[in-house]
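One structure is given below, encoded as C-alpha cells.
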Amino acid sequence: WDSIAYCRSFDTQPDVWQTVRIPFAELTPVFRAKTLKDGPKFDPSRVFSIQLMLSKFEYDGELNPAFRAGRFQLPLARLSAYTARPVAPRVVHVSSAGVTRPNRPGINVDVEPPAVKMNDMLGGILTYKLAGEDVLRGSGLPFAIVRPCALTEEPRGAPLELDQGDTIKGKISREDVAELCLALLGAPEGLGCTFEIKSTVPFSTAWTTDRSSPPPKREWREVLRGAQLVPGVTGKTVNGVYTGKQPEGQSKQEASAAV
C-alpha cells in the first residue's frame, strides 16, 4: 500500500445515478497525498487494487470544495473499463433464437420450434443460453449477440431478415452466420445489440446456388444499418411482462416506477 497511487477526483449529485468516466490519461500520480510532478505514467497492466474515498482534502493539503460533513452512501451499479470512443464489438456471441420464449406470458409453444417446446426436457438448454447472454451483457465488454434461427447446411447468399424481440422463426445457413460474425468485429452498428436473424426462404423450400456463379459478397454493414438495431433490446420478460423491442433497462425502470 505504501507506494505510488493514481488518483482522479469527481463530484457526485445526491439521489441521482451518474456515469463517471475517468480516462487513464487524467490519473495523477500521488504518494502519501502529495502529487508527483515527474511521476511515472499510469500503467493499466500493473493495477493491484481500486479504492473509492470521500475526503475533506484533495491533493497537497488542498481542501475538497464540494465536501460536506455527515453520513453518506455511494451505491455502485457497475465498475468497469471502457473505450475512449465508439468501437465495433470485441466479442461476438452466437446464441439462439427462442432463448426468451420458454415461460413467456401468452406464448403458444405448439407453434414454436422444438427447442422451445422441449426446453425443460432438454435440460433447460435455452435457459442456459440466455444466462450466458446475460453474463456477456453485464461484463462491460463491447459485444454483439447473434441469435440465429435453425442452422442449415445450405449455401450462403439467401435473402435475410434481422429482427429484435425474439419472435421470428425460420432457418439460416451456417455460412451466412459465420460471415456475419466476422463482419460484426468491424461493424459499430452492432455494438451492444442482441438480435435474431433468419433467411426469408421458407423451411419447405431448399435454397440452392450455382457453384459456378455464387451470390455476390454481402455488404454486412449495410445490412446492419438497414436493420436499425437498438442496443439493450433483449426480448426478455420483466416482472411478468414481455419487453418486446423495448430496451430491457427502460422496461425495468418503468416497472420500478409503477410499483
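Going by our numbering, the first residue of the sequence shown is number 1063, and it counts up by one from there.
The beta-carbon is built from N, C-alpha and C at its ideal position, and this holds for glycine as well.
Note that the coordinates shown come from a computational prediction; the quantities given were computed from them, not determined experimentally.
Excluding its 5 nearest sequence neighbours in each direction, residue 1243 has C-beta neighbours in its own chain below 6 Å: 1154, listed in chain order. Per DSSP, reduced to three states, the secondary structure at residue 1187 is helical. Distance check between residue 1188 and each of 1197, 1196, 1177 places 1177 closest, using alpha-carbon atoms only. The DSSP-derived three-state label of residue 1209 is strand. With three or more CB-CB distances shorter than 8 Å, the stretch 1083–1099 counts as touching the stretch 1118–1125. Partner residues in a beta bridge of residue 1129, as assigned by DSSP, do not exist. Between residue 1256 and residue 1157, the C-beta spacing is below 9 Å.
In the DSSP assignment, no residue is bridged to residue 1169. Between residue 1277 and residue 1218, the CB-CB gap stays under 9 Å.
With contacts defined as CB atoms closer than 9 Å, residue 1143 and residue 1202 qualify as a contacting pair.
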